[in-house]
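For reference, the structure discussed in these notes is given below.
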Amino acid sequence: MPIIEDHLWLVREGEGAEDRAAHWAECMLNLERFETELGQRKTAFFGGEDLPGYLDYMIWPWMERIEGFPLIFPGESRLAYESSKFLLLNTWMSKMKTDPAVDEYILDTETHAEFFRTMVSGSPNYDLLLNQ
65 MPIIEDHLWL
75 VREGEGAEDR
85 AAHWAECMLN
95 LERFETELGQ
105 RKTAFFGGED
115 LPGYLDYMIW
125 PWMERIEGFP
135 LIFPGESRLA
145 YESSKFLLLN
155 TWMSKMKTDP
165 AVDEYILDTE
175 THAEFFRTMV
185 SGSPNYDLLL
195 NQ
């Protein structure tokens, strides 16, 4: 049950906006499971109330990128993260951003989008951050 699946769905040959929208819709359904889980646990993090645990850190990289997909494919509004559907996950993301392990390495949405745009172009720029 991947959150954002394998990000390679972005660059599959022959797939277009409709295919990406279908993949995104499936990802949003998967996020509903995480929203529900946080509600059932009644904790700030999946790992407990006070500190993130293993699951929190494994989910975080995908959630850090979640708002960037409309920037990668301008005009594809169906790739937008509908924050109003995920109030608990939004709070969780805010708390994760204050965790020292996350805060030290967090990248902004535009940086993630820029990297994914290089992937979509067929020439991933793995050195994107070297000159920053």
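Just so we're aligned: 121 in our numbering is position 57 of the sequence shown, and the numbers increase by one with no gaps anywhere. For each residue, glycine too, the CB sits at the ideal point set by N, CA and C.
Three-state secondary structure assigned by DSSP to residue i
i, result
"residue 84", "helix"
"residue 175", "helix"
"residue 89", "helix"
"residue 104", "helix"
"residue 169", "coil"
Distance, residue j Cα to residue i Cα
i, j, result
"residue 117", "residue 108", "11 angstroms"
"residue 136", "residue 85", "13 angstroms"
"residue 186", "residue 79", "14 angstroms"
"residue 189", "residue 182", "6 angstroms"
Residue i burial status per 10 Å Cβ neighbour count (16 or more: buried)
i, result
"residue 193", "exposed"
"residue 92", "buried"
"residue 197", "Given a span of 65 to 196 for the chain in the structure shown, any question on residue 197 remains unanswerable."
"residue 127", "buried"
"residue 122", "exposed"
"residue 169", "exposed"
"residue 103", "exposed"
"residue 139", "exposed"
Per DSSP, cross-strand counterpart(s) of residue i
i, result
"residue 112", "109"
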